[in-house]
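Participant: Structure below; questions to follow.
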Amino acid sequence: MTSACSTAQLLDAAAQATREPARAAELLAPFCAQDVPDDVLLGDRAAPPWTRVEAPLAKLLCLAAELRAARSADEVLALEPGNTALTQAFPHAPLHAWAEALSDKGRLVSATYATPFLERATQAAPGMSGAHTALLYQYLVGGLWDEAAALVARTDWGARDLTGLPYVAVLAFLYYAGLVHARRDDLPAAINAWEMCMALPTEALSHIQLDAFRKLILVRLLCGDAVDTEALLRGLSASLRPQYMRQAQPYLALARSYGRRAEAEQVRTLVAAHRDQFIADANLGLVERCVALQPQRWLEALARAYACVPLEAVAAYLGCTQEEARACAAQASRVDADEVRAPLEAGRVPLPDGVVCDVAAASDAPYIRLAARAPPHAPLPCAAERTARPALAARLAHASRAPDHLAKLWSLHTSAAEHRP
């Protein structure tokens, strides 16, 4: 994409913005028709003009543009910001533009090249910034799970105004936060992160939200929770909900059949039929964990119906040996199971899902005494626990209507045009 305005002109406009609005407006005019104002074809690449300008925001804008045009490691290294350049509390959008460009082109140098610069940028101001999402992504691709968890934990959504923060950056951060919690097996926190992601209103189908929706279904099954699709999709417009339902159909079918003992074979058939999609979605591991935990879910159904069941009947209901039934009862996370012994009379034991077990008489038969536990409370995944999902959604919906990172300069252009004779 070509432009009638060079880097030097943009820098001059930014430097003059607070002193000569009319001059800044005149220099910015060529950018007003561009879809991406900072992504321009730049000249004088041997001596980047940003090195001679002191305006920090102008430097950041042009660093992002120069990085996007970089084609080699040497070009990226030549655009390395100074130690003090990232100590400014920059507006969200220009910082996000630079962070995304650095994260992308930094791979020409090394996989971890961008990480220290992004870390400095996120420490310049409290709360969420335009560099947080890029840094969290760098941690994930680098396998730095502890660092990623620390970043998620210290991100305080209530510490800073979100106006100007690109909407997709918020969706991606919450999605990545869910991955971090899931990796650490903190499934309730992963659920909250992905539910926050789903709570943000969007005008079109978001693949970030779609993947969060699919993972939410599976992780809720792992936690033994009901999958309430109406509640999960409540933040989306009525026109978008059917699209998400269609795109997640295999997952919803799995959820419908998952807890029913009588549909165990149907679950195995469904997993085999959609195996390729689960692999493509990077969700096969979660699906297999869900299937492996099915006997525990069936045991929970027994606990809701009986306080004490003969071990022979438990084994028949789970479709396994008595030793395997003992092991399942010991591992169940939502059921307290103790083994007791008492005389047993022969007879038929009706079980949930229409299963009937014929037990033999024994003078000292093993029983499993069951007590269902309440589901765990899922804590908020962010440091600012006072920020509820609806409040965050409302704030971001307002912020998403704010102008982009040239807002201040463009407002000068507008005001100058209105007062021009």
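By full-length UniProt numbering, the letter at position 333 of the sequence shown is numbered 333, and the numbering carries on one by one without gaps.
By construction, the Cβ of each residue, glycine as well, lies at the ideal position given by its N, Cα and C atoms.
Between the segment 241-258 and the segment 319-332, do three or more beta carbon pairs fall short of 8 Å?
Facilitator: Verdict: no, contact absent.
Participant: With contact counted as at least three CB pairs below 8 Å, one residue from each stretch, are the segment 139-154 and the segment 177-193 in contact?
Facilitator: Flag = yes, the segment 139-154 and the segment 177-193 touch.
Participant: For P366, tell me which candidate among L270, A346 and V309 has the shortest Cα-Cα distance.
Facilitator: The residue with the shortest Cα to Cα distance from P366 is V309.
Participant: Between T133 and the rest of its own chain, which residues show a CB-CB distance below 6 Å, the 5 nearest in sequence each way excluded?
Facilitator: Closer than 6 Å at the Cβ level, and outside the excluded window around T133, lie A169, A172 and F173.
Participant: Can the beta-carbon of G95 be found less than 8 Å from the beta-carbon of A70?
Facilitator: Here the sequence assigns Leu to residue 95, which means Gly is not the residue at that position. It is not a contact, given that the beta carbons lie outside the stated cut-off.
Participant: Quick check on DSSP: helix, strand or coil for P116?
Facilitator: In this structure, P116 counts as helix in the three-state DSSP scheme.
Participant: Hey, Q296 and A262: beta-carbon distance below 8 Å or not?
Facilitator: No, these two residues do not count as a Cβ contact at 8 Å.
Participant: Could you check whether the segment 222-242 touches the segment 309-320, counting it as contact only if at least three pairs of C-beta atoms, one from each stretch, sit closer than 8 Å?
Facilitator: Flag = no, the segment 222-242 and the segment 309-320 do not touch.
Participant: Buried or exposed for H207, going by 16 or more other Cβ atoms inside 10 Å?
Facilitator: Burial call: exposed.
Participant: What residues in its chain sit with their C-beta under 6 Å from that of H274, if we drop five residues either side in the sequence?
Facilitator: Answer for H274: P250, listed in chain order.
Participant: Three or more C-beta pairs closer than 8 Å, one from the segment 336-343 and one from the segment 275-294: is that the case here?
Facilitator: Contact fails: fewer than three Cβ-Cβ distances are below 8 Å.
Participant: Could you give the DSSP three-state label for Y137: helix, strand or coil?
Facilitator: Note: Y137 maps to helix in three-state DSSP.
Participant: Do the CB positions of G127 and A159 come within less than 8 Å of each other?
Facilitator: Yes, the Cβ-Cβ distance between G127 and A159 is below 8 Å.
Participant: Provide the residue(s) that pair with C308 in DSSP beta bridges, ordered along the chain.
Facilitator: According to DSSP, which records beta bridges pairwise, C308 is partnered with R369.
Participant: What number of angstroms, rounded off, separates the C-alpha of D35 from the C-alpha of G130?
Facilitator: Only weak support is given to the placement of D35: the predicted model assigns it a pLDDT of 37, under 50, and the value that follows is read from those uncertain coordinates. Distance between the alpha carbons of D35 and G130 is about 20 Å.
Participant: Taking the alpha-carbon of Q209 as reference, which of D225, G224, I191 and E265 has the nearest alpha-carbon?
Facilitator: Checking every option, the nearest Cα to that of Q209 belongs to I191.
Participant: Among L77, A193 and D225, which one has its Cα closest to the Cα of G259?
Facilitator: Looking at the Cα atoms, D225 is the closest of the given residues.
Participant: Give the secondary structure of V227 by DSSP, where H, G and I count as helix, E and B as strand, and everything else as coil.
Facilitator: In the structure shown, V227 sits in coil (DSSP, three-state: anything other than H, G, I, E or B).
Participant: Does DSSP put A360 in a helix, in a strand, or in coil?
Facilitator: If DSSP states are grouped into helix, strand and coil, A360 belongs with coil.
Participant: With A371 and V335 assumed to form a contact (beta carbons below 8 Å), what rounded beta-carbon distance in angstroms separates them?
Facilitator: Sure, about 7 Å apart at Cβ, within 8 Å.
Participant: Provide the residue(s) that pair with A337 in DSSP beta bridges, ordered along the chain.
Facilitator: In DSSP, A337 forms a bridge with L370.
Participant: Less than 8 Å between the CB atoms is what I'm expecting for F213 and M196, so what's the real figure, rounded?
Facilitator: Contact flag wrong, Cβ pair sits at about 13 Å.
Participant: If you count every other CB in all the chains shown that lies within 10 Å of the CB of A64, and 16 or more means buried, which is it?
Facilitator: The residue is buried, with at least 16 neighbouring Cβ atoms inside 10 Å.
Participant: Taking the beta strand (DSSP E) that R348 belongs to, which residues open and close that run?
Facilitator: Its beta strand (DSSP E) spans residues G347 to P350.
Participant: Going by alpha carbons, who is nearest to Q123 out of A204, A330 and L135?
Facilitator: For Q123, the nearest C-alpha among the options comes from L135.
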